[in-house]
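Step one of this worksheet: look at the structure below.
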Amino acid sequence: MSLCDDTLLCNFPKCRTKLNGFAWVTACSHAFCEQHGSGELSRSPAICPACSSALSGKLDIVRTELSPSEEYKAMVLAGLRPDIVLDISGRALAFWSYQVHQEHMYQEYSLSQAESQLKQMEKVLTQQNQSRELELTAMKGEITSLKKVMEDYKRKYSEVSERLMERNRQYQKLQGLYDSLRLRNMVVGVGEKDTLPQPGPHQSFNVGVTRQATPQRSPQFLSMSHDGDGRFFSCLEADGAKTFFQFSSPARERGRPLIKKH
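In structure tokens, the structure reads:
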């Protein structure tokens, strides 16, 4: 604010708005807007909100018009001696100079506060940058170690994949051998089963006789393969006993002459 500015600011600490229309002026050289002047200065006793000075005089608080009319300007100092006019003008200029100085001091205070906050924020920003750099360095080291671990896992994965492929090839080979051996055993078992002699009518009777003669004997099973596909009965008796083919049929015994013993 300079001397040529025609606008004052409200001296209420939380207001600081431009004054226009009417203003409240105090003997301690402070000016307030219509809202805060009528609210704060209407108390009894009145105290200046800016400097806490007591305003008990009749003319310590004046409500003045900031943009007076031409008639007011022509008549307000009319009839006064020049020294009184100069005295009034000097006091008015002193009030204006005080307001300018006060605004200048306020701006300097605000600037110093802003500079201190700026320095503090710069310090905080420097500390944060240093901490971020440390974190970045640590993360770069961690990324490097993780890359090494990933390379090791890739190498192990490739080795395991090769082993798995080799085991699969071996499994396929063994599976083919197993299938071929199983098919061969099945073919051999079916061929041997087809080549067994078919018993005749007399032989079937002898089989029945043999089974009645030797009920404790059970036919033995011979397995051609582990699957049990080529099993068939063995017609041989254990321990050198006679087979059922060596017994004579009852028809042959009836055809022999009967010899009496004396």
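In terms of our numbering, the sequence shown is numbered consecutively and its last residue is 978. All C-beta atoms in this analysis are idealised placements derived from N, C-alpha and C, irrespective of residue type, glycine included.
Next on the checklist: DSSP three-state label for R779, please.
Outcome noted: Three-state DSSP puts R779 in a strand.
Next on the checklist: Which residues does DSSP list as the beta-bridge partners of F748?
Outcome noted: Under DSSP, F748 takes part in a beta bridge, and its partners are W740.
Next on the checklist: Under DSSP, the alpha helix (DSSP H) around K789 begins and ends at which residues?
Outcome noted: Secondary structure note for K789: its alpha helix (DSSP H) is the uninterrupted segment E786 to M791.
Checklist entry - Any idea what DSSP makes of A762, helix, strand or coil? => result Assignment of A762 by DSSP, reduced to helix, strand and coil, places it in the strand class.
Item to check | Nonlocal neighbours in the same chain, by C-beta distance under 8 Å from G737, ignoring five residues either side | outcome: Closer than 8 Å at Cβ, skipping near neighbours: E750, E781, L782 and S783.
Next on the checklist: With distance defined between alpha-carbon atoms, name the residue in E787, R779, K789 and P798 nearest to L735.
Outcome noted: When the alpha-carbon of L735 is set against those of E787, R779, K789 and P798, the nearest one is in R779.
Item to check | Bridge partners - K734, DSSP secondary structure assignment | outcome: Per DSSP, L725.
Item to check | Separation of Q846 from L757, as counted between CA atoms | outcome: For L757 and Q846, the distance between alpha carbons rounds to 54 Å.
Checklist entry - Between the C-alpha atoms of E851 and W812, what's the straight-line distance to the nearest angstrom? => result Straight through space, the alpha carbons of W812 and E851 are spaced by roughly 57 Å.
Checklist entry - Helix, strand or coil: which one does DSSP assign to A770? => result Here DSSP, grouped into helix, strand and coil, assigns A770 to strand.
Checklist entry - Skipping 5 residues on each side, what residues in its chain have a beta carbon closer than 8 Å to that of T733? => result Here T733 has L725, C726 and C749 as same chain residues with Cβ atoms under 8 Å from its own Cβ, once five neighbours each way along the sequence are excluded.
Checklist entry - Distance, Cα to Cα, Y822 vs A854? => result Roughly 47 Å separates the two Cα atoms.
Next on the checklist: Is the beta carbon of C731 closer than 8 Å to that of C744?
Outcome noted: No. Outside cutoff.
Item to check | Residue environment, I777, which counts as buried when at least 16 other CB atoms sit within 10 Å | outcome: Counting every other CB atom within 10 Å of its CB across the protein chains shown gives I777 a total of 16 or more, marking it as buried.
Checklist entry - How is A808 classed by DSSP in three states: helix, strand or coil? => result Three-state result, A808: helix.
Next on the checklist: Tell me which residues share the same chain as H746 and place their Cβ nearer than 7 Å to its Cβ, disregarding the 5 neighbours each side in the sequence.
Outcome noted: The beta carbon of H746 sits closer than 7 Å to those of N727, C764, A766 and C767, all from its chain and outside the five residues before and after it, given in chain order.
Item to check | Rounded separation between P931 and Y894 - CA only | outcome: Since pLDDT at P931 reaches only 44, below the 50 mark, its modelled position is unreliable, and the value read off the structure follows with that caveat. Between P931 and Y894, the C-alpha separation is close to 41 Å.
Next on the checklist: For a test of the three-state rule: what should DSSP assign to R797, helix, strand or coil?
Outcome noted: Coil, per DSSP.
Item to check | beta strand (DSSP E) runs wholly inside the region 836–892, at least 3 long, in chain order | outcome: Runs of the beta strand (DSSP E) lying entirely within the region 836–892, each at least 3 residues long, are absent.
Item to check | Which of helix, strand or coil DSSP assigns to L757 | outcome: Note: L757 maps to coil in three-state DSSP.
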